[in-house]
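Engineer: Please find one structure pasted underneath; my questions will follow.
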Amino acid sequence: MEEWYNAIETAETAEKLEEIRIAVFGKKGVLAAEFEKMKTAPNDQKAGIAKELNIHKGKLTGLFSERKAVLQTLELERAMKAEAIDVTLYSPTSQRGALHPVMETMDRIVDYFAAMNFAVKTGPMVEDDFHNFEALNLPKYHPARDMQDTFYFKDEMLLRTHTSPVQIRTMMSHKPPIRMIAPGAVFRRDYDLTHTPMFHQVEGLLVDKEGKVSFANLKFILEDFLRYMFGDVEVRFRPSFFPFTEPSAEVDISCIFCGGDGCRVCSKTGWLEVLGCGIVDPNVFEAVGYKNVSGYAFGLGVERFAMLIHRIGDLRSLFEGDIRLLEQFK
Ligand code: DAH
């Protein structure tokens, strides 16, 4: 028996220990054989032999489970060492990702207005008719609704066609004064060189006491913002129409490709249209229950900015996820 004690205690592997288990405790193992022998022993010795054998059996069983636990721990340690991954290891082939050009442009726009103390607000992409149209002075059957080809759901719900509904949500949940921008995805039924069904806008809104907000304030901040984005450009305000602002303007910068001489990108005009803006229409304030206030608002398309900054010709290429294109924007 002594040799088996030794064998168990020195077994190096789980397989070796298993062999020993079969040899000791198995049906044809040593213990079974000893108990078998006992049957032919003289009757008066049987009890003594049985007692001794059971003591051996108990000790061997204890040793066995102790050794088994030790080997399992060793095996676990070995496996952990062998399979360890050094995440700090430098790999010369590893590739760094980068922000998508649209998101990078959006971040730059947000950075400017955040520095000017505008709060960043968000709202739902699935909107209702009230926030997307009605409260923005676009009643049902108003012809200006056709300016924005809308994706509709049942029950007057829709995919927001602009981020202007976030203005409405913010004014309805906060008291004036307000200084906010709303960056986010918007949706329209459109698809060509410069339009995709999903694109991004940044909406801006500033509201303060009546008489405190002027078109001059709006002009100042947009000029400063556009020079921050495009460098040393001329900025011009052209009278325009939006239902939610009165007066309204569209804003152009001098063409960054030809410097204003006229080229293909600016259709020989020397100007590029980059955003819409105006003084908030009183009907909008009425819809949200604001009294004795004045404000300005503006809205821009982020993809348009990204296309101009990066000289991208076809907007659709930005959304195809082609790694060869995206790698150029690292
Ligand atoms: N919501 C307009 C659009 O999607 C953009 C816009 C224009 C927003 C003028 C404004 C604004 O707040 O004053 O075309």
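According to our numbering, the sequence shown is numbered sequentially starting from 72. C-beta atoms are modelled at their ideal positions from N, C-alpha and C, and glycine is treated no differently.
Give a single yes or no on whether Glu274 has its beta carbon closer than 7 Å to a heavy atom of the ligand DAH.
Structural biologist: Glu274: yes, Cβ under 7 Å from the ligand DAH.
Engineer: Inspect the beta-carbon positions of Glu317 and Arg309 and report whether they are closer than 8 Å.
Structural biologist: Against a cut-off of 8 Å, the Cβ pair of Arg309 and Glu317 comes out as no contact.
Engineer: Compute the Euclidean distance between the alpha carbons of Leu297 and Ile324, then round it to the nearest angstrom.
Structural biologist: Distance between the alpha carbons of Leu297 and Ile324 is about 8 Å.
Engineer: Which ranges does the beta strand (DSSP E) cover as unbroken runs of at least 3 residues, wholly within the region 178-243, from first to last along the chain?
Structural biologist: 197-199, 228-230, all fully within the region 178-243.
Engineer: Among Leu343, Gly347, Cys334, which has the Cα closest to the Cα of Val273?
Structural biologist: Per the Cα distances, Gly347.
Engineer: Whose C-alpha, out of Arg240, Leu389, Phe291, Ser162, is nearest the C-alpha of Val373?
Structural biologist: The candidate whose alpha carbon is nearest that of Val373 is Leu389.
Engineer: What separation, rounded to the nearest whole angstrom, lies between the Cα atoms of Lys152 and Lys139?
Structural biologist: If I take the Cα positions, the gap works out to 20 Å.
Engineer: Just grab the DSSP bridge partners of Lys280 for me.
Structural biologist: Answer is Val364, bridged to Lys280.
Engineer: Can you tell me whether Arg335 is buried or exposed, with buried defined as 16 or more other CB within 10 angstroms of its CB?
Structural biologist: Exposed is the call here.
Engineer: Got a sec, what are the start and stop residues for the alpha helix (DSSP H) Ala287 sits in?
Structural biologist: Taken as a continuous stretch (DSSP letters only), the alpha helix (DSSP H) holding Ala287 covers 286-301.
Engineer: Can you find a heavy atom of the ligand DAH that lies under 7 Å from the Cβ of Phe369?
Structural biologist: At least one heavy atom of the ligand DAH is nearer than 7 Å to the Cβ of Phe369, so yes.
Engineer: Taking the beta strand (DSSP E) that Pro113 belongs to, which residues open and close that run?
Structural biologist: From DSSP, Pro113 is part of no beta strand (DSSP E); its letter is neither H nor E.
Engineer: Just to check, is the beta-carbon of Gly349 closer than 7 Å to a non-hydrogen atom of the ligand DAH?
Structural biologist: It does: the Cβ of Gly349 is within 7 Å (strictly closer) of some heavy atom of the ligand DAH.
Engineer: Measure the C-alpha to C-alpha separation of Ala251 and Pro314 and round it to an integer number of angstroms.
Structural biologist: With the sequence shown as reference, residue 251 is identified as Met, and Ala is not the correct amino acid for it. Going from the Cα of Met251 to the Cα of Pro314 covers about 20 Å.
Engineer: Between the C-alpha atoms of Val191 and Ala206, what's the straight-line distance to the nearest angstrom?
Structural biologist: Those two C-alpha atoms are separated by around 21 Å.
Engineer: Rank His213, Thr267, Lys362, Val197 by C-alpha distance to the C-alpha of Thr234 and give the top, closest one.
Structural biologist: Ranking His213, Thr267, Lys362, Val197 by Cα distance to Thr234 puts Val197 first.
Engineer: Considering only residues of the same chain and omitting the five flanking positions on each side of Gly100, which have a CB-CB separation below 6 Å?
Structural biologist: Same-chain partners within the cutoff: Ala94.
Engineer: Check whether the region 170-180 and the region 123-135 are in contact - that is, three or more C-beta pairs closer than 8 Å.
Structural biologist: Taking 8 Å as the limit for Cβ pairs, the verdict is that the region 123-135 does not touch the region 170-180.
Engineer: Check this for me: beta carbons of Phe106 and Leu124, under 8 Å apart or not?
Structural biologist: Their beta carbons are under 8 Å apart, which means Phe106 touches Leu124 by this criterion.
Engineer: Nearest to Lys362 by alpha carbon, out of Asp279, His202, Ile120?
Structural biologist: With distances taken between Cα atoms, Lys362 lies closest to Asp279.
Engineer: Does the beta-carbon of Thr241, which I'm using as the reference point, lie nearer than 7 Å to any heavy atom of the ligand DAH?
Structural biologist: Result no, Cβ not under 7 Å from the ligand DAH.
Engineer: Out of Leu343, Gly370, Gln238, which one is the CA nearest neighbour of Met378?
Structural biologist: Selected option, being the one with the closest Cα: Leu343.
Engineer: Out of Phe258, Thr84, Pro268, state which residue places its alpha-carbon closest to the alpha-carbon of Arg149.
Structural biologist: For Arg149, the nearest C-alpha among the options comes from Thr84.
Engineer: Contact defined as beta carbons within less than 8 Å: I believe Ser365 pairs with Val284. What is the distance between those atoms, to the nearest angstrom?
Structural biologist: At roughly 4 Å, the Cβ-Cβ gap stays under 8 Å, so Ser365 and Val284 are in contact.
Engineer: Identify whether Glu83 lies in helix, strand or coil by the three-state DSSP scheme.
Structural biologist: Reduced to three states, the DSSP call for Glu83 is coil.
Engineer: Cα separation between Met242 and Ile249?
Structural biologist: Roughly 8 Å separates the two Cα atoms.
Engineer: Cys326: which of Ala78, Phe301, Phe312, Gln219 sits nearest, CA to CA?
Structural biologist: Measuring from the Cα of Cys326, the nearest candidate turns out to be Phe301.
Engineer: Can you list, in chain order, the residues of its chain with a C-beta nearer than 6 Å to that of Ile292? Leave out the 5 residues immediately preceding and following it.
Structural biologist: None.
Engineer: Tell me whether Phe189 counts as near the ligand DAH, meaning its Cβ is closer than 7 Å to at least one heavy atom of that ligand.
Structural biologist: Outside the cutoff, so no.
Engineer: When you compare the CB of Gly255 with every CB in chain C, is at least one pair closer than 8 Å?
Structural biologist: Here chain C cannot be found, since the structure has a single protein chain.
Engineer: From which residue to which residue does the alpha helix (DSSP H) around Pro268 run?
Structural biologist: Looking at the DSSP string, Pro268 is not in any alpha helix (DSSP H), and its letter there is neither H nor E.
Engineer: One question on the structure: do Gly349 and Ser319 come within less than 8 Å of each other, judged by their Cβ atoms?
Structural biologist: Contact: yes.
Engineer: Of all the options Arg307, Tyr299, Met269, Phe270, which has the alpha carbon lying nearest to the alpha carbon of Ala287?
Structural biologist: Among Arg307, Tyr299, Met269, Phe270, the Cα nearest to that of Ala287 is on Arg307.
Engineer: Take the Cβ of Asn208 as the centre, count every other Cβ of all protein chains shown within 10 Å, and call the residue buried at 16 or more, exposed below.
Structural biologist: By the 10 Å Cβ count, Asn208 comes out buried.
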